[in-house]
Each structure stands twice: as C-alpha cells, then as structure tokens.
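What follows is a single structure, written as structure tokens, with notes after it.
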Amino acid sequence: MQFGTVEQAIEDIRAGKFIIVADDEDRENEGDLICAAQLVTPAKIHFLIRRAGGQICLALTPERCDHLGLPAQADEDRDRYRTAFTVSIDAAHRFGVTTGVGAADRAKTIQVAVDPATLPSDLRRGGHVFPLRAREGGVLQRVGHTETAVDLARFAGLYPAGVICEILNDDDSAPARRPQLERFAEEHGLTFITVAQVVAHRLRTERLVHRVAEARLPTESGDWRIIGYRNDVDIHEHVALVHGDVGDGENVLVRMHSKCLTGDVFGSRRCDCQWQLHAAMDMISEEGRGVVVYLDQEGRGIGLLNKLKAYELQDAGIDTVEANERLGFKPDLRNYGIGAQILLDLGLKSIRPMTNNPKKLVGLEGYGLRVDEGVRIQGPVTPDNRDYLDAKRSKLGHLFSH
C-alpha cells in the first residue's frame, strides 16, 4: 500500500475524518489513529474504543496545558519515548459527564478541554482522557505523534489539538505493525501517512532559516564567503561557504557536509570526512563557483559525546551502524531539510550534489531543488577507515567502488 500525502491528510482532518500515522516507512513502526479534537463526537470515540483498542489521548499545545493547569505526570509514569503525559481528566459533572468512561462522556471531556472558554475548574483530575503535552515547535522539535496531531489540526485551520489512539493487533495484545495498519487503512478507507512526511512538509513549506552574519573567508582553496545561519527548529548554527558567483542558481556544484570534529579538525583517520570536505572545496574552486553547506550534525546526528561512545563500541568490535543502534539511535539521524532551505536562501534552483549517499539526492529533491546529477566524491581507503566505509556501503547504501 502506498502512503498518502500530507495534503490529503490535512483535508481529511479538516473534514473530521480519522487518519493513520506511523513514525516512518519502517515495517516495525506502530501506528495511531488521529482526528481533530475540535470535531470529535461520541461515535468517533466509540470507534476508537471498539476498533483501535489503545488508550485515548488528547494532544494539546504547551500553552493549553498551562492554561488548564495540567501538570506533568511523574517521570516514572512516562514511557521510553518520553511521551509527555499530563494528569488525566474528566469534564466536571455540570457538563453532563457522569462516570467519564463512556464514549459520550469522553467526547464531552475532549470538547470541554479544547473550548477556549474553559477554566481549570471545569475539569476533574484523575479521569478517563489522557492529555499529552506537545513540544513547542511541533514535529520540528520532536518527531512524535503528539506533535503531528497538533500540527495537522493547525494546518487544517482548526483548534490545535488532536485525539490520538494507538491501533492494537487483532487480539489487543500488542501494537499493530505496518502490514496490519495497511489492512486497517484499506478496510476503513483511511489515509495513511508518516510523521516523517509531516516533518518534510513543514521543512518544504515554511521558512525556517535566517541569515545572521556574512564575511570573507580566504582559504587554501581560494576566497570564499562564509554566511552564518540560525534556524527556528533548534539551537544548532550552520554555515554556508560560497565560492564565486552562484547568482543564476542553475547547475551549481554543492557539498552538504555534516560536522565532524574528530575528522574535519583533528584529522582522524577513522573516517573520510576531512578528505571529503577538502576535496569538495578544491573541486568547487577548480570549477569557479559552488557552495558547501556545513551542518551542525555531528556523528550522523547523534552529537559529539554519543559519537565518542559509538567509537568505544567500535573499538570493541562492532561496526558504525551497529554502534548507533546499540546506543538507541537509528543508523542515520541527519536531516537535510535545513540545508536545503539554506540553498534556497542562496537562490539555488538546480544543483549537482557531491555525495556517495543516494538518499541525500532523493531528500534534497523533496524540498524544491532540482538535482541535475550526483557527483561521486570517494577518498582513499585505508586500514583505519576500511571497516567504516564497508559498513556505510553494505548497510547504509553508500556508493563506493572499493
């Protein structure tokens, strides 16, 4: 089954329909039913109880949680994904809510919780609806279903809150996986998307980078302009190195380079990062123009200290991909959406990315840039980096000829 589009999901949310959301395309990911809280009905809650089977939750903005006086549950009650549950709620008896258990009671509780006129005293604590506190910034701050529900409701022009319920397997013993989610979507005619698609949609449609400073940067590879960027997503600071005139934006040689302190600065031979950076700058200098975007994504996105922990594990005999997974990370957490926005800010339209990573080419095309061709940039293979390069080729799909 093909995934739907974010645009269709937004239309469905606006129409009061359910959609199914999984984290990404991995077959093992779990899925939630999501609808707009503003449009909830007893019939929708009944469907969640009977057909989904999971806990019925209400995704709210931080401001709404604060307004309603909903404190976070104790840390020990939070799950391993750091889902931010608040205390559970029922609407006060004066709204017609009795036990709080039934579909009508839970629908009324949700309606009261998202009514702008509601006060903290209108809710009873210790109830049957479980609010979730979304992160400020939505899916760009936390790639979760809570943030997806709030973002999609906002995109649909509705109150920024969503009803979420995990879909369980047929005997309610465990979360449904992708094959079961696909059958569920087909059976009920529901759009099925991923959180990753919502992230890409926001990166594609919102301006999130801002120039802060620009200066001349003379180097061994010639004179460059260095432009510093902040972004609205996180605290990371990125730079673009621009050589020559790229004003027409067409067919520009580009290197999207993720920060590597150990390689770029200290010359570590465990990786080929420094060689790739210097080679890219030399190739751009020879061509007469081009751009290097230097992204603060140390260790394929896991950060410097976690990268050093991964090195410890590699010294014990496992490869770079297994080390990331042993630490609880996906093999590659890098996101090139901010880098693509920097290229668009520079006026680029079509590019020739210097990379051995096919996924990077596909990712950049998703943000409104035309990829004319990929340019391979392979350095020397040494005894120190052979295992690293082998793992990138065999497990991450990088194109190496060694």
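For the sequence shown, position 82 matches number 121 in my numbering, and the numbering has no gaps at all. Note that CB positions come from ideal geometry on N, CA and C, so glycine has one too.
Grab me the residues of Asp51's own chain with a C-beta within less than 7 Å of its C-beta, minus the 5 sequence neighbours each way, in chain order.
-> Ile58 and Thr230
Hey, is Cys204's beta-carbon within less than 8 Å of any beta-carbon in chain D?
-> Although the question refers to chain D, the structure presented lacks it and comprises just one protein chain.
Pick from Tyr350, Val136 and Val178 that is closest to Asp161, judged by C-alpha positions | Val136
N- and C-terminal bounds of the alpha helix (DSSP H) containing Thr301 = Looking at the DSSP string, Thr301 is not in any alpha helix (DSSP H), and its letter there is neither H nor E.
Cβ contact (3+ pairs, closer than 8 Å) linking the stretch 171–180 and the stretch 95–103 | yes
Looking only at its own chain, which residues have a Cβ that is under 8 Å from the Cβ of Arg222, when we skip the five neighbours before and after it?
-> none
Using CA coordinates, which residue listed in His282, Gly288 and Thr148 is at the minimum distance from Ala319?
-> His282
CA-to-CA distance, Val332 to Pro199, given in whole angstroms = 34 Å
Cβ pair Val151, Phe134 closer than 8 Å | yes
Who are the Cβ neighbours of Thr44 in its own chain at under 6 Å, not counting the five residues just before and after it?
-> none
If you draw a straight line from the alpha carbon of Arg66 to that of Arg241, how long is it in whole angstroms?
-> Unreliable placement is indicated for Arg66, whose pLDDT of 49 sits below 50; no coordinate value is reported for it.
Report all residues from its chain with a CB closer than 7 Å to the CB of Ile149; omit the five preceding and five following residues, and keep chain order.
-> Ala76, Val79, Leu97, Val168 and Val202
For the alpha helix (DSSP H) containing Cys312, list its first residue and its last residue.
-> Cys312 to Glu326
So what does Phe169 bridge to, in DSSP terms?
-> Cys96
For Phe124, which residues does DSSP report across the bridge?
-> Leu171
Measure the alpha-carbon distance for Gln47 versus Gly228 and round it to whole angstroms.
-> 13 Å
Mapping DSSP to helix, strand and coil, what is Thr230?
-> strand
So what's Asp51 in DSSP terms, helix, strand or just coil?
-> helix
Tell me whether Met393 is buried or exposed, calling it buried when 16 or more other Cβ atoms sit within 10 Å of its Cβ.
-> buried
Top-ranked residue by Cα proximity to Tyr268, from Ala254, Phe194 and Asp211 = Ala254
Use the C-beta contact count for Ile341: other C-beta atoms within 10 angstroms, 16 or more gives buried, fewer gives exposed.
-> buried
Is it right to say Phe305 is buried, meaning 16 or more other beta carbons lie within 10 angstroms of its own, or is it exposed?
-> exposed
Entirely enclosed alpha helix (DSSP H) segments - the stretch 196–258, minimum 4 residues | 217–227 and 234–244
Return the bridge partner residues of Ala279 from the DSSP annotation.
-> Ile266 and Val332
Endpoints, the beta strand (DSSP E) within which Asp71 is located = Gly70 to Ala75
Is Val420 helix, strand or coil by DSSP?
-> coil
Just mark Arg365 as buried or exposed, buried being the case when its beta carbon has 16 or more other beta carbons within 10 Å.
-> exposed
Which residue or residues does DSSP assign as beta-bridge partners of Pro392?
-> Val293
Given a threshold of 16 other Cβ atoms within 10 Å of its Cβ, counted over all protein chains shown, does Asp321 qualify as buried or as exposed?
-> exposed
Taking Asp271 as the reference, give the member of Gly70, Val178, Ala192 and Arg328 with the closest Cα.
-> Val178
Would DSSP call Ala355 helix, strand or coil?
-> coil
May I ask which residues mark the beginning and end of the alpha helix (DSSP H) holding Val151?
-> Ala142 to Ala152
Name the residue from Thr233, Arg216, His132 and Val238 whose alpha carbon lies nearest to the alpha carbon of Gln180.
-> Val238
How would you write the range of the beta strand (DSSP E) that Leu408 sits in, first residue to last?
-> Premise fails: Leu408 is in no beta strand (DSSP E) and is neither H nor E.
CA nearest to the CA of Ile89, picked from Cys104, Leu72 and Val291 | Reading off the sequence, residue 89 comes out as Arg, not Ile. Measuring from the Cα of Arg89, the nearest candidate turns out to be Leu72.
Where Glu325 and Ile416 are concerned, what is the direct C-alpha to C-alpha distance, given to the nearest angstrom?
-> 15 Å
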